[in-house]
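Worksheet for the structure shown next.
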Amino acid sequence: MSKLCGWMPEDAGEMMQTLRYVVFRDVLLAMRRRADVATTLFFFVIVASLFPLGVGPEPKLLRAMAPGILWVAALLASMLSLGRLFAEDYADGSLEQLVLVPEPLALVVIGKVVAHWLVSGLPLVLISPVIALQFDLPRDAIVTLLLALLLGTPLLSLIGAIGAALTVGVRGGGVLISLLVLPLYVPVLIFGAGAVDASAMGMDASGHLSILGALLLLGMVLAPWATAAALRISLE
Amino acid sequence: MLEVSSLGCLRGERRLFAGVSFSLRPGGLIWIQGGNGSGKTTLLRTLCGLTHAMAGEVRWSGTPIQLLGEEYRRELTYIGHANGLKEDLSAQENLLVAAHLVGQPVSRAEVAGALQGSGLAGREHLAVKFLSQGQRRRVTLARLRLMPPRTLWLLDEPFNALDTHAVAGMRKIMENHLSQGGMIALTTHQDVAIQAADVQTLRLDA
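Chains as they are written, first to last, in the working numbering: chain A, 4 to 239; chain B, 7 to 212.
Structure follows, in structure tokens:
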């Protein structure tokens with residue numbers, strides 16, 4: 004690895020290595036416990052499938068409700084796995100070791116968020132077109148949904164990490180995370196569902212998608228620092 | 007060199023300790039003693055920079071550790087009360103990941119060697135959840151056998167759950183580290199005679 008990165012400044016090579024290993028570690032752990040990954044995915048599928056059963060098979064109604072339902076299901080599914088983001092590392096003492104890694108803590112946080120998204124966000128994005136078919140969404144709207152989720156789910160992981168870090172070591176942290184994080188998810192929900200809505204009505208969704216993209220950039224810059232600060236406080 | 011000057015810590019409303027001062031030179035060992043709840047772990051965590059001191063200062067080569075940040079963390083190995091092992095990973099994977107994360111690129115062979123030295127030959131690929139408490143502690147301590155070693159070791163009850171054989175092995179590793187100019191701060195309830203040129207004892211009981 005160090006030879007491969009020979010052209011990079013020493014520091015950047017080491018930082019990349021730390022980042023890679025945090026992602027590798029968390030993805031490997033998730034692969035050892037596939038049931039946890041499957042839970043998130045099935046939760047999304049089931050919540051999104053319950054609505055057509057409850058509301059009835061009126062295609063017009065379903066089509067109108069689909070963007071909101073799919074996004075709310077995605078928010079809840081993403082939140083379901085947040086509790087595990089730092090809590091297990093805290094319980095077994097490896098969080099202390101991660102904080103003592105000789106690189107900025109924000110970098111470790113980015114690694115953990117990337118792994119969280121790969122494990123709980125990406126599968127959800129990939130399965131969403133199938134769920135969207137249940138609601139009889141037009142093809143353009145399905146493509147928009149895919150794009151919006153692709154931009155929105157990493158943002159959910161980034162925002163969620165702040166809540167997870169704040170509630171590390173707190174009893175009943177799971178409920179507290181929802182109270183902290185769900186209000187912060189609101190902009191993602193509005194613009195994400197808005198994009199799909201616009202596209203379903205045959206309008207241009209690029210405005211909504213651009214705002215989602217801008218929010219994602221903002222989140223990528225700010226959320227890791229906020230999470231790192233929250234972790235330091237929680238570990239005191 | 008690690009210098010600690012009039013360090014004081016609170017836990018909740020209670021004062022744990024105050025006015026703790028010592029300095030640790032290359033080759034030096036400090037033995038932190040005290041009853042349960044006297045603040046040994048808090049002191050070690052403060053030395054790592056995990057907990058902030060209410061009063062006083064910890065300096066590394068003359069600079070406060072808060073200012074050094076990553077540079078200081080590059081010099082230390084902290085082994086806490088908890089083992090910090092992932093139950094679903096094997097001993098070898100745990101060590102490999104831990105070493106790479108702290109910027110110590112070690113090979114599989116080196117990790118296997120360290121585990122063998124810790125008496126875990128043949129169990130390298132077993133998930134940690136199948137290991138006994140003593141064996142888990144051995145896996146954690148095997149980090150100290152990996153090269154290149156860090157200068158400053160902060161060890162919280164390193165001998166917990168270890169059998170006499172493993173304690174003797176650890177003692178040798180520590181003596182070797184000290185003879186090469188390393189520094190160790192440790193807490194333990196066990197009586198282990200570690201040979202070093204410079205041994206200090208710090209009692210935290212009020």
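Backbone N, C-alpha and C define an ideal beta-carbon position, used for all residues, glycine too.
Remember, predicted model here, so these are calculated numbers, not experimental data.
State the DSSP-derived secondary structure class of residue i, mapped to helix, strand or coil.
i: M189(B); result: strand
i: P70(B); result: strand
i: V205(B); result: strand
i: F138(A); result: coil
i: R17(B); result: strand
i: D162(B); result: strand
i: E9(B); result: strand
i: L132(B); result: coil
i: I113(A); result: helix
i: L98(A); result: helix
i: D211(B); result: coil
i: K6(A); result: Caution is warranted here: a pLDDT of 38 is assigned to K6(A), below 50, making its placement in the model unreliable, and the coordinate value is therefore given only provisionally. In this structure, K6(A) counts as coil in the three-state DSSP scheme.
i: L152(B); result: coil
i: G34(B); result: strand
i: D39(A); result: helix
i: G119(B); result: helix
i: G6(B); result: For residue 6(B) there is no data in the structure shown, the boundaries of chain B being 7 and 212.
i: T21(A); result: helix
i: I179(B); result: helix
i: P12(A); result: Note on P12(A): pLDDT 46, under 50, position unreliable in the model; no value is reported.
i: T230(A); result: helix
i: H119(A); result: helix
i: V104(A); result: coil
i: H211(A); result: helix
i: Q141(B); result: helix
i: S131(A); result: helix
i: D197(B); result: coil
i: M223(A); result: helix
i: D169(B); result: coil
i: T146(B); result: helix
i: M34(A); result: helix
Could you give the C-beta distance for residue i and residue j, rounded to a whole number, given that I count them as a contact under 8 Å?
i: T48(B); j: C15(B); result: 5 Å
i: F5(B); j: V205(B); result: The first residue shown for chain B is 7 and the last is 212, placing residue 5(B) beyond what the model contains.
i: D92(A); j: L101(A); result: 6 Å
i: H195(B); j: P155(B); result: Contact flag wrong, Cβ pair sits at about 25 Å.
i: S208(A); j: A201(A); result: The sequence given here places Ala at residue 208(A); Ser does not occur at that position. Contact holds; Cβ gap of about 4 Å.
i: L140(A); j: A80(A); result: Not quite, the Cβ-Cβ distance comes to about 19 Å (not below 8 Å), so this is no contact.
i: L192(B); j: L53(B); result: So it is not a contact: roughly 11 Å between Cβ atoms.
i: A104(B); j: R149(B); result: 6 Å
i: G187(B); j: P32(B); result: 4 Å
i: L50(B); j: D162(B); result: 5 Å
Compute every distance between the C-beta of residue i and the non-hydrogen atoms of the ligand MN, then say whether any falls below 7 Å.
i: F54(A); result: The ligand content of the structure shown is nil, which means the ligand MN is not present either.
(message) At 4 residues or longer, what runs of the alpha helix (DSSP H) sit wholly inside the region 40-115 of chain B?
(response) Note on the region 40-115 of chain B: whole alpha helix (DSSP H) runs with a minimum of 4 residues are 46-54, 71-74, 76-79, 97-107, in chain order.
(request) Below 9 Å between beta carbons is the criterion; list the residues of the region 49-65 of chain B that meet it against any residue of chain A, in chain order. (result) Those residues of the region 49-65 of chain B that come within reach of chain A (Cβ to Cβ, closer than 9 Å) are R51, C54, G55, L56, T57, H58.
(request) Determine, using beta-carbon pairs with one atom in the region 89-97 of chain B and one in the region 60-78 of chain B, whether at least three such pairs fall under 8 Å. (result) Too few Cβ pairs lie closer than 8 Å, so no.
(message) Pairs of beta-carbons, one from the region 189-201 of chain A and one from the region 117-132 of chain A, closer than 8 Å: are there three or more?
(response) Taking a contact to require three or more Cβ pairs closer than 8 Å, the region 189-201 of chain A and the region 117-132 of chain A do not qualify as touching.
(request) Could you run through the region 93-111 of chain A and flag, in chain order, every residue whose CB is less than 9 Å away from some CB of chain B? (result) Taking 9 Å as the Cβ-Cβ cut-off, the region 93-111 of chain A approaches chain B at A94, D95, G96, S97, L98, E99, Q100, L101, V102, L103, V104, P105, E106, P107, V111, given in chain order.
(request) Check whether the region 172-184 of chain B touches the region 110-125 of chain B, counting contact only when three or more Cβ pairs, one atom from each stretch, lie closer than 8 Å. (result) A contact exists between the region 172-184 of chain B and the region 110-125 of chain B.
(message) Quick check for students: name the residue ranges of the beta strand (DSSP E) that lie wholly in the region 54-94 of chain A, counting only runs of 3 or more.
(response) Runs of the beta strand (DSSP E) inside the region 54-94 of chain A: none found.
(request) Could you please tell me which residues of the region 82-107 of chain B, in chain order, have their CB closer than 8 Å to any CB of chain A? (result) Look at the region 82-107 of chain B: the residues with a C-beta under 8 Å from a C-beta of chain A are L82, Y84, G86, H87, A88, N89, G90, L91, K92, E93, D94, L95, E99, V103, A104, H106, L107.
(request) Could you please tell me which residues of the region 33-63 of chain A, in chain order, have their CB closer than 8 Å to any CB of chain B? (result) Listed by position along the chain: R35, R36.
(message) To test your reading of the DSSP string, which unbroken alpha helix (DSSP H) runs of 4 or more residues are found completely within the region 134-187 of chain A?
(response) Inside the region 134-187 of chain A, DSSP marks whole alpha helix (DSSP H) runs of 4 or more residues at positions 142-169, from first to last along the chain.
(message) With three or more C-beta pairs closer than 8 Å as the rule, is the region 95-112 of chain A touching the region 232-239 of chain A?
(response) The region 232-239 of chain A is in contact with the region 95-112 of chain A.
(request) Check distances from the C-beta atoms of the region 19-39 of chain B to those of chain A and list, in chain order, the residues that come in under 8 Å. (result) Residues of the region 19-39 of chain B with a Cβ closer than 8 Å to any Cβ of chain A: none.
(message) Would the region 202-222 of chain A count as touching the region 78-96 of chain A if we require 3 or more Cβ pairs under 8 Å?
(response) Taking 8 Å as the limit for Cβ pairs, the verdict is that the region 78-96 of chain A does not touch the region 202-222 of chain A.
(message) Would you call the region 51-61 of chain A in contact with the region 71-90 of chain A, where contact means no fewer than 3 C-beta pairs closer than 8 Å?
(response) Yes, they touch.
(message) Which residues of the region 16-34 of chain A have a Cβ closer than 8 Å to any Cβ of chain B? Give them in chain order.
(response) Of all residues in the region 16-34 of chain A, the ones placed with a Cβ closer than 8 Å to any Cβ belonging to chain B are E17, Q20, T21, Y24, V25, F27, R28, L31, L32, in chain order.
(request) Assess, as a yes-or-no matter, whether the region 20-29 of chain A is touched by the region 113-121 of chain A under the definition of 3 or more beta carbon pairs within less than 8 Å. (result) Yes: the two stretches touch, three or more of their Cβ pairs being nearer than 8 Å.
(request) Say whether the region 55-62 of chain A touches the region 144-152 of chain A, bearing in mind that this needs 3 or more beta-carbon pairs closer than 8 Å, one atom from each stretch. (result) Flag = no, the region 55-62 of chain A and the region 144-152 of chain A do not touch.
(request) Inspect the CB distances between the region 154-163 of chain A and the region 28-47 of chain A and report whether three or more fall short of 8 Å. (result) Not touching, per the Cβ criterion.
(message) For the structure I just gave you, are there three or more beta carbon pairs, one from the region 135-144 of chain B and one from the region 128-137 of chain A, closer than 8 Å?
(response) Cβ pair count under 8 Å is below three, so no.
(message) Taking contact to mean 3 or more Cβ pairs, one atom from each stretch, closer than 8 Å, check whether the region 74-83 of chain B and the region 14-29 of chain B are in contact.
(response) With contact defined as three or more Cβ pairs closer than 8 Å, the region 74-83 of chain B and the region 14-29 of chain B are not in contact.
(message) At a CB distance below 9 Å, what residues from the region 104-135 of chain B approach chain A? Give them in sequence order.
(response) Listed in sequence order: A104, H106, L107, V108, G109, P111, A133.
(message) By the 7 Å beta-carbon criterion, what residues does the region 146-160 of chain B contribute toward chain A?
(response) Result list empty, no residue passes.
(request) Would you list, in chain order, the members of the region 67-80 of chain B that have their beta-carbon closer than 7 Å to a beta-carbon of chain A? (result) Hits within the stretch, in order: E76, R79, R80.
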